[in-house]
Amino acid sequence: MAVFKEIFSHCSDLVYRKIEIEGRQAYVIYLDGLIKTEDLQNHVIDEVLARKQVGQLSVEKVEEEIVTVSAVKDQSYLEDAANDILEGNAVLTIDGHNKGIVFSIPGYKTRGVSEPDSEAAIRGPREGFIESLRVNTSLVRRKIKTTNLKIESMKIGVQTQTNIGIAYIDGIVDKNVLKELKHRLDRIDIDGILETGYIEELIEDNSWSIFPQIQITERPDTAAANLLEGRVAIFVDGTPFVMILPSTFWQQFQASEDYYDRVYIAIFLRVLRLMFVAVALMLPAFYVAVTTYHQEMIPTNLLLSVAAARESIPFPAIVEAFIMELSFEALREAGVRLPKTIGQAVSILGALVIGTAAVEAGIVSAPMVIIVSLTGIASFTIPKFSLAIAIRLLRFPLMILASIFGLFGIVVGMVILLIHLCKLRSFGVPYFEPVAPLRFSELKDVFIRTPIWMQNSRPDDFVKENKKRQANDLKPSPNKNEG
3 MAVFKEIFSH
13 CSDLVYRKIE
23 IEGRQAYVIY
33 LDGLIKTEDL
43 QNHVIDEVLA
53 RKQVGQLSVE
63 KVEEEIVTVS
73 AVKDQSYLED
83 AANDILEGNA
93 VLTIDGHNKG
103 IVFSIPGYKT
113 RGVSEPDSEA
123 AIRGPREGFI
133 ESLRVNTSLV
143 RRKIKTTNLK
153 IESMKIGVQT
163 QTNIGIAYID
173 GIVDKNVLKE
183 LKHRLDRIDI
193 DGILETGYIE
203 ELIEDNSWSI
213 FPQIQITERP
223 DTAAANLLEG
233 RVAIFVDGTP
243 FVMILPSTFW
253 QQFQASEDYY
263 DRVYIAIFLR
273 VLRLMFVAVA
283 LMLPAFYVAV
293 TTYHQEMIPT
303 NLLLSVAAAR
313 ESIPFPAIVE
323 AFIMELSFEA
333 LREAGVRLPK
343 TIGQAVSILG
353 ALVIGTAAVE
363 AGIVSAPMVI
373 IVSLTGIASF
383 TIPKFSLAIA
393 IRLLRFPLMI
403 LASIFGLFGI
413 VVGMVILLIH
423 LCKLRSFGVP
433 YFEPVAPLRF
443 SELKDVFIRT
453 PIWMQNSRPD
463 DFVKENKKRQ
473 ANDLKPSPNK
483 NEG
């Protein structure tokens, strides 16, 4: 008992519950707020006090016959017992015994399972991950009911001792990727892990790249679908975000409802996203280049209209573009940080008021307001936020290149960008796969989404052995009954 008081000195939330039975002392030790005290009283303390004979009060008897808690284990090492207390368990120590008993009676408050805000869907499940590791793994277990789904546990963080869950499907996952992942996780030596972003930066292939090399999701159905394709999921206790790896560039354009809607709807939406990512990336730079260097590309009537709108503007097109783009980004950030009830209203009204006032004051032109608005709308069509914000940042250096070199600068910038994307790897998998290197057989789920009955095999780079995911004759056919 004295050792526990020394380990947890100056910890006001630690509770010592003393029990005396015929002169022998026992202590129940736990952290207030982490366990359910009613269950502790009813299933542990009351049951122990009901035994009046000292001979019956042994560790083995308590574990096997007395307490009525389902998750019970004995612990011989003080450090491990202290860690059990920190994880939200209660420990019972009995004088004269060199072992303690650990009871799992979780009672800390958690958020209920609800639809994730970052990946809303029209059609599909309405459940999302929460901040509890075990709740999150159970949500995936509900969707993949096989013993081949393995979830290995480890702890990272010297001070936080954060629980990590590594999920994969045995027989489908690439063993080399799994081995490399465990090696990178074992190398992490840090004080604390509070969110998946800590681990993401420490295990990705190229930490200086602006592009996300690990997919982040809040949806259990997305995690389950990626596990079935041979990827690995990393669960981190304390965050609703789950990491999926390896990841590719094209994976960031896929939404869960692409596979729930009709195939023609999915194809239209997929193509629409790919078109508008080009708009979000290059439209401001293209406008700057054309209005500055290549006016001959604009039809005469439109050129006269643009020239009339810009006649009273004191700034060049690049300065005008930067003023509006930075203002739009500031409004978007303010809308996120403000309370939800007023955040959207402030961002929308702010954009309208500032845009109108700026045009009337002659600071920016009306065409530039239209360009910035289209760019902002286009960036919202990208399903994954991490890729969307990367595209938003990349348009600024493209605008600078366009202001210096015109369209040639945009071409040079895009070539450099494509070279970087082709060089990237995600745990050994080419980031631009299956476009670079080109694999025609895997283009069924990149620019378009083919019917489910055509997707018979898993991606080659993710699966080395069990590549077949379904039968070859699943194409629906009418049942023709004679007579």
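Numbering (my numbering), first residue to last: 3 to 485.
Beta carbons are placed, not taken as given, at the ideal position from N, Cα and C, and that holds for glycine.
Item: What separation, rounded to the nearest whole angstrom, lies between the Cα atoms of residue 82 and residue 6?; Value: 12 angstroms
Item: Does DSSP put residue 132 in a helix, a strand or coil?; Value: coil
Item: Give me the residue from 152, 385, 427 with the minimum Cα distance to residue 120.; Value: 385
Item: Would you kindly report the start and end of the unbroken alpha helix (DSSP H) that includes residue 329?; Value: 319-339
Item: With DSSP run on the structure shown, which of helix, strand or coil describes residue 96?; Value: strand
Item: Would the segment 234-252 count as touching the segment 179-190 if we require 3 or more Cβ pairs under 8 angstroms?; Value: yes
Item: Mind checking residue 449: buried by the 16 CB within 10 Å criterion, or exposed?; Value: exposed
Item: Would you decide whether residue 205 is buried or exposed? Buried here means 16 or more other CB atoms lie within 10 Å of its CB.; Value: buried
Item: Could you tell me the distance, in whole angstroms, from the CA atom of residue 408 to the CA atom of residue 296?; Value: 8 angstroms
Item: Looking at residue 289: is its Cβ nearer than 9 angstroms to the Cβ of residue 235?; Value: no
Item: Between 286, 259, 255, which has its C-alpha nearest residue 274's C-alpha?; Value: 255
Item: Let me check one thing: in DSSP terms, what residues is residue 168 bridge-paired to?; Value: 154, 236
Item: Could you have a look at residue 288 and say whether DSSP puts it in helix, strand or coil?; Value: helix
Item: Work out the CA separation of residue 258 and residue 265 for me, nearest whole Å.; Value: 13 angstroms
Item: Among 358, 165, 287, 209, which has the Cα closest to the Cα of residue 85?; Value: 165
Item: Exposed or buried, which one is residue 371 when buried takes at least 16 other CB atoms within 10 Å?; Value: buried
Item: Quick one: what does DSSP say residue 106 is sitting in, helix, strand or coil?; Value: coil
Item: Keeping to the same chain, check which residues put their C-beta closer than 8 angstroms to that of residue 157; ignore five residues upstream and five downstream.; Value: 163, 164, 165, 166
Item: Are there three or more Cβ pairs, one per stretch, closer than 8 angstroms when the segment 388-403 is compared with the segment 301-311?; Value: no
Item: Less than 9 angstroms between the C-beta atoms of residue 102 and residue 95, yes or no?; Value: yes
Item: Quick one: give me the first and last residue of the beta strand (DSSP E) that residue 28 is part of.; Value: 26-33
Item: Where does residue 326 land, buried or exposed, given buried means 16+ other C-beta within 10 angstroms?; Value: buried
Item: Can the beta-carbon of residue 405 be found less than 9 angstroms from the beta-carbon of residue 294?; Value: yes
Item: Using beta-carbon positions only, say whether residue 451 and residue 260 come within less than 9 angstroms of one another.; Value: yes
Item: Could you name the residues of the same chain whose beta carbon sits closer than 6 angstroms to that of residue 38, not counting the 5 residues immediately before and after it, in chain order?; Value: 107, 109
Item: When the Cα atoms are used, what is the spatial distance from residue 32 to residue 105?; Value: 10 angstroms
Item: Could you spell out where the beta strand (DSSP E) holding residue 244 opens and where it closes?; Value: 244-247
Item: Is it right to say residue 339 is buried, meaning 16 or more other beta carbons lie within 10 angstroms of its own, or is it exposed?; Value: exposed
Item: Taking DSSP's pairing of strands, which residues face residue 21 in a bridge?; Value: 28
Item: Note the first and the last residue of the continuous beta strand (DSSP E) segment covering residue 74.; Value: 74-77
Item: Output yes or no for whether 9 angstroms exceeds the beta carbon distance between residue 444 and residue 432.; Value: no
Item: Using the three-state DSSP reduction, which class does residue 7 fall into: helix, strand or coil?; Value: helix
Item: Anyone know if the C-beta pair for residue 242 and residue 130 falls short of 9 angstroms?; Value: yes
Item: Buried or exposed: which applies to residue 430, given that a residue is buried once 16 or more other Cβ atoms fall within 10 Å of its Cβ?; Value: exposed
Item: For residue 56, count neighbouring Cβ atoms within 10 angstroms of its own Cβ and tell me buried if that reaches 16, exposed if not.; Value: No answer about residue 56 holds up, because its pLDDT of 48 lies below 50 and its placement is not dependable.
Item: Need the endpoints of the beta strand (DSSP E) that residue 218 sits in, please.; Value: 217-219
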